[in-house]
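Worksheet: one structure, shown below.
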Amino acid sequence: MTSAPLADAGRARHALLTMWTIRRFEEAVDDLFARGLMHGTMHLSIGQEASATGACMALRSDDAITSTHRGHGHCIGKGADLTRMMAELLAKETGYCRGRGGSMHIADVATGNLGANGIVAGGIPIATGAALAYQLRGEDRVVACFFGDGAANEGAFHEAVNLAAIWKLPVVFICENNKYGMSFSTEKSMAVAHVADRASAYGIPGVTVDGNDVEAVHAAVADAVSRARSGAGPTLVENVTYRWKGHSKSDKNLYRTKEEIAEWRALDPIVRFEAVVQERGLLDEAAVQAVRDEAMQAMREAVRAANAAPDADPSDLLDAVFAPA
Amino acid sequence: MTSAPLADAGRARHALLTMWTIRRFEEAVDDLFARGLMHGTMHLSIGQEASATGACMALRSDDAITSTHRGHGHCIGKGADLTRMMAELLAKETGYCRGRGGSMHIADVATGNLGANGIVAGGIPIATGAALAYQLRGEDRVVACFFGDGAANEGAFHEAVNLAAIWKLPVVFICENNKYGMSFSTEKSMAVAHVADRASAYGIPGVTVDGNDVEAVHAAVADAVSRARSGAGPTLVENVTYRWKGHSKSDKNLYRTKEEIAEWRALDPIVRFEAVVQERGLLDEAAVQAVRDEAMQAMREAVRAANAAPDADPSDLLDAVFAPA
Amino acid sequence: MTSTTLDPGAPTAGERDLTYSEAVREAIGQAMEADDRVFMLGEDIGVYGGAFGVSGDLFHRFGGERIRDTPISELGIVGAAVGAALAGMRPIVEIQFSDFTNQAMDQIVNQAAKIHYMLGGAASVPMVLRAPLGSGTGAAAQHSQSLEAWFAHVPGLKVVMPATPADAKGLLLSAIDDPNPVIFLEHKLLYRTSGPVPVEPLRVPLGRTAVHRRGADLTVVATGVMVSRALDAAAVLTDEGVDVSVLDPRTLTPLDDAPILEDVSRTGRALLVQEAPGHAGFTAEIAARITESPTLYRLLAPVRRLSGLDAPIPYAPQLERASVPQVDDIVDAALTLMKES
Amino acid sequence: MTSTTLDPGAPTAGERDLTYSEAVREAIGQAMEADDRVFMLGEDIGVYGGAFGVSGDLFHRFGGERIRDTPISELGIVGAAVGAALAGMRPIVEIQFSDFTNQAMDQIVNQAAKIHYMLGGAASVPMVLRAPLGSGTGAAAQHSQSLEAWFAHVPGLKVVMPATPADAKGLLLSAIDDPNPVIFLEHKLLYRTSGPVPVEPLRVPLGRTAVHRRGADLTVVATGVMVSRALDAAAVLTDEGVDVSVLDPRTLTPLDDAPILEDVSRTGRALLVQEAPGHAGFTAEIAARITESPTLYRLLAPVRRLSGLDAPIPYAPQLERASVPQVDDIVDAALTLMKES
Ligand SMILES: Cc1ncc(C[n+]2csc(CCOP(=O)(O)OP(=O)(O)O)c2C)c(N)n1
Ligand SMILES: Cc1ncc(C[n+]2csc(CCOP(=O)(O)OP(=O)(O)O)c2C)c(N)n1
Ligand SMILES: [Mg+2]
Ligand SMILES: [Mg+2]
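Protein chains in written order, with this note's numbering: chain A, 943 to 1267; chain B, 943 to 1267; chain C, 40 to 380; chain D, 40 to 380.
The structure is reproduced here in structure tokens:
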């Protein structure tokens, strides 16, 4: 099942629906934020939907992920409830974190999402540790660890990937290389062409994938997942992609050109996959439209339900610091 | 001058004398410690003398080094005063650090030694920063950064080498791979054969050298130094060597075999270089013996002078915390 | 030796209003003009202008060599600053959020703070680490901490927490001059506040408590954003008939405690306000100093600390507000304290 | 709810003398036997037996999977423990010297401490981080720190500092049981000290101050190695006609302050002893609690802190000794305090 291609109509539809759902979710967040209805800061993954979708579809439901500050897509890809996600962002008691975490800390342990992370590279050692737990218990579960190109310059990346390599842990390191860590381009931050070039330093395979091609992502991650599940250890998969929006809400886009953004918008992973499924006859235009409508509908419903939920309650903040014995 | 080989008598003699001085220094420390006359813990570099010697001889006097917990050899190689070193270890006021630092913190800014370090990999970012200072000021000075194989698994290694690589800083990273980080062998701590294999992750050259061959070390480091000085950026040089003694004074050597130690003792870098210089007719037996005597004599004198010096003075400890404006 | 700023009112000659972030930027610019050894490194401080816009146009004025963008490698860049300082430069590192000093703690604590001492004085590490601290922006637990007490607990570090634009500029200039590592903690809610700042690069010396106002009844000691909240509270309290002093130590190390002890001796009541969690927080040090001094015998009531909850900072705005002292909380605490004696 | 240990004398039935490090090892062994989820990871804990010999033969008893040697990667291994804990295990990480927690601070402070809260309670991080702290071994500034105050200042961490072999065992078992991250700080000078320890895996609950002795004149509060120094000082003081209490909070978070406040209320004098530097150290918290409570009104003299110098720990033995409180210093401080009232 896991490594089945996205070539049957059911899985193709699922991939497309996931990508549309991510897109619509991010757009809704962008809109709510712009209208002053959402608080804090937000890191949107518009343009990167194929990476989260293709990767998560290569996982079993009992596999886990760790995610990042740009984590809404991963969360949705792994099967989170949109209303609880939106409720979290809207600072509601019914949110995934009861309003305590917000965008950068959404987790859904039930669906195997061990958490977004506000710390660049913070999730990489954690993913490694979860994989160690599975290995110690003899379970055949795998962890997919998402991080950005910028994160690959943190010491945490180095230490954790090395641990996973020497212990042959069942983890797949998925770098979403969107060409920038905030404003700093990969040309400037690394003296190698690809983050995947770093795999050789750990004696593990590294592969660079067109991260806007959901099928390519899926195939590469599925291979890496089988490898991990079989006990052969980690793989570093680099999905080359792009974020359309600024890094966060305070970005003025001074470090990149309008042309570059336009070029990448032309490589929209969703438009592209819609064309593929129609060419292959997996879905017709009506079916594609139905997917779009379904995503839009689900999002509207999530925003409505989340808005209606009670605000997060400040009365018991101290109770929540320690887990009860 | 810098990259002259060790093939003339003067430089050969200097190399041999340096190695013998390091050996005698370490033996003296071992002895003083065993007799309860020295305090704390000590990390001896017996067996690794060729690395410190060959590397430091490839440097100009205004070049700098950063060193490690196993740093006596680097310090001597860079030209430190033996009496002040010994005085430091004997907790004397005349020691390099006035008794405040001890073995793991000896520095000699005058001879360009920016300091040993009690923190594994702690010196790597510091070396990088010193190299940045030279580059910013347009000076053609180079920093040689010593560290162990174990240090190459720290995040500090990764971050600092990457910075040096992207900014083409004048630094040479010299890994003294003695096969163990304390008890943990490189076979277990890395999934690559050589630390130098990690250079490719940073887009810099990596070279593995017989670290018990002082000429090979010298040649490799000299190349790397010229490269750095010319503005072409850092190189990772890995000197494969071995420490004869335990990791520190508390090591019971449970993690390696007597046979392995014996094999490496047979590869004594000093015996080997003595044979080379005699074969080549650079020094005759008498000249070699004179070198040995000189080293022994210098050491005896250093121990004597250091012992005679006043003890470090506890009366002004608070004054030394902050540098005066 | 206390510099008394009893009426930080309208700009006088040679001053004009700047925001706190403009004041920081101006100090850096003036220091860089005056001294080639000064340079800055940090993530996104170049063309982006800094995560909080503090470096702004410095990149355009001084170029990318001296306003140096870095990869996301806090440990590496702080270590690079340590090395550059040892080699004779005067680096200023910007860490985007002070929470990420956690990444660089080895270089801050095990290296920068100790090198001068460990080397018996043979070298020093003149560097400044600037980082925004505090909550109030909805950035949640990993982007909102106030860790000043940690740095104060490390011998060898100086620790500065400016509360006004003028202090931000003047203290930063002193920090850059200082031959020791200085941790310079800017409160992110203050960046957009404004006040009079001297045009000239005038230094505010490290180790001088500022007396923002003097009152007869109670001494409030506050740091960072709590200084302006304390001043707001003082205004409300005046209407309630309670006349309070507001003091800001400005530097936690060195700590100029004499003016605090004097003022508390005079009023007999101390309210110590910080945003950080109370447990083992910095105001405990101030409380302890009061208790160790003869001021103890002048107390009319227990010393009170008003601190952030002993909890991480939550995301939701209403939760975040409830987690750290607000003006009302200061007013309430002061009124309660008045009743305790 | 205070557990009073008034006479920790000779072993009783079910006890025998163990060293502190044997007691730690026994706790780990018993926890690992009882619960498959418990495992250990750290540098050189395997065949080497640990930098301080604490893991000893555990590697031979439990094998290299569960007594897992790691590369020198503190951030990585603490993070791996966080991840393993999230995934249902009960990891115990050993950090060779507590100074190297600086390397791992992000995972300790930004991750482990906050995850339960940030996730609204949806997950927890049951892990123990063990690390030796303190000076006295000639290992100098980067291997001798006492950073307990830092951990105490981080909401979400529990902080334990056992002072006796029995406490080491009983508190470690409680720490392993606890569903939260626990920082367990062992003093390296205590490893070879011995005392009676129960054979059974009896828990000493977290959050109970130990009363080692009660005296009429003065209350000494001490932690870590200072507890035994305080007890030695107490014996000397008895000869001088001064009768002191010695209390050890044992856990800094949660802090059981009631017995301390009670005892100080009774004696009227408090001497707070720690090895760490005084400035912003943990005893400031205890001083502040005294000052905030009605105990303030029972004080016959100022509260006194006796701490390590506000300086790094030097290498030379005579300098090192001069840097932290010794038995004589405690005696002197107590006598001085008696004269102050
Ligand atoms: C340790 C740390 N350093 C810096 C930041 C601030 N920051 C947040 S996201 C980000 C850029 C991350 O780049 P990348 O890893 O490529 O992910 P992307 O944002 O491109 O998805 C930065 C610098 C942080 N959150 N954590
Ligand atoms: C950050 C840190 N972790 C652990 C230690 C303890 N320690 C001191 S030396 C050492 C081994 C270092 O191995 P390597 O880098 O190979 O140098 P070698 O001792 O072999 O020369 C260890 C683990 C330390 N000093 N610093
Ligand atoms: Mg990126
Ligand atoms: Mg080694």
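We put the CB at the ideal spot given by N, CA and C, even for glycine.
Being a predicted model, the structure only gives us computed values, none of them experimental.
Presumed contact (8 Å Cβ cut-off) between residue i and residue j, rounded CB distance
{"i": "C/Gly263", "j": "C/His318", "result": "At roughly 18 Å, the Cβ-Cβ gap does not stay under 8 Å, so C/Gly263 and C/His318 are not in contact."}
{"i": "A/Gly1215", "j": "A/Val1137", "result": "In the sequence on display, residue 1215 of chain A carries Phe and not Gly. No, A/Phe1215 and A/Val1137 are not in contact; Cβ-Cβ is about 24 Å, not under 8 Å."}
{"i": "B/Gly989", "j": "B/Arg1185", "result": "5 Å"}
{"i": "A/Val1062", "j": "A/Gly1092", "result": "6 Å"}
{"i": "C/Val281", "j": "C/Met377", "result": "6 Å"}
{"i": "D/Asn219", "j": "A/Phe1264", "result": "5 Å"}
Closer than 8 Å to chain A by CB, residue i
{"i": "B/Ser1131", "result": "yes"}
{"i": "D/His192", "result": "no"}
{"i": "C/Ile369", "result": "no"}
{"i": "B/Gly1097", "result": "yes"}
{"i": "C/Pro364", "result": "no"}
Neighbour flag for residue i against chain C, beta carbons, 8 Å
{"i": "D/Asp138", "result": "yes"}
{"i": "A/His985", "result": "no"}
{"i": "A/Leu1178", "result": "no"}
{"i": "D/Glu331", "result": "yes"}
{"i": "D/Phe321", "result": "yes"}
Residue burial classification, residue i (beta-carbon count within 10 angstroms, cutoff 16)
{"i": "D/Met40", "result": "Unreliable placement is indicated for D/Met40, whose pLDDT of 35 sits below 50; the coordinate value is still reported in the next sentence. With fewer than 16 Cβ atoms within 10 Å of its Cβ, D/Met40 is classed as exposed."}
{"i": "D/Gly102", "result": "exposed"}
{"i": "A/Pro1252", "result": "exposed"}
{"i": "A/His985", "result": "buried"}
{"i": "C/Gln135", "result": "buried"}
{"i": "B/Asp1050", "result": "buried"}
{"i": "D/Lys208", "result": "buried"}
{"i": "A/Ser1192", "result": "exposed"}
{"i": "A/Ala1248", "result": "buried"}
{"i": "C/Thr258", "result": "buried"}
{"i": "D/Thr51", "result": "exposed"}
{"i": "C/Pro333", "result": "exposed"}
{"i": "B/Asp973", "result": "exposed"}
{"i": "A/Ser1172", "result": "exposed"}
{"i": "D/Lys197", "result": "buried"}
{"i": "D/Glu279", "result": "exposed"}
{"i": "C/Glu239", "result": "exposed"}
{"i": "C/Pro364", "result": "buried"}
{"i": "D/Ser213", "result": "buried"}
{"i": "A/Val1213", "result": "exposed"}
Test: residue i CB closer than 8 Å to a CB of chain D
{"i": "B/Asn1249", "result": "no"}
{"i": "B/Asp1082", "result": "no"}
{"i": "A/Gly996", "result": "no"}
CB contact check: residue i to chain B, cutoff 8 Å
{"i": "D/His226", "result": "no"}
{"i": "A/Ser901", "result": "Because chain A in this structure spans residues 943 to 1267, residue 901 of chain A falls outside the shown range and cannot be described."}
{"i": "C/Met128", "result": "yes"}
{"i": "A/Glu1101", "result": "yes"}
Extract the residue ranges of the alpha helix (DSSP H) inside the segment 1026-1114 of chain B, only unbroken runs of 4 or more that lie entirely within it. 1065-1079, 1097-1108
Ignoring anything shorter than 3 residues or poking outside the segment 1155-1203 of chain A, list the beta strand (DSSP E) runs there in chain order. 1177-1182
Quick one: complete alpha helix (DSSP H) runs, 4+ long, within the segment 73-105 of chain C? 97-105
Where the beta carbon is closer than 6 Å to any heavy atom of ligand 4, which residues qualify, in chain order? B/Gly1090, B/Asp1091, B/Gly1092, B/Asn1120, B/Tyr1122, B/Gly1123
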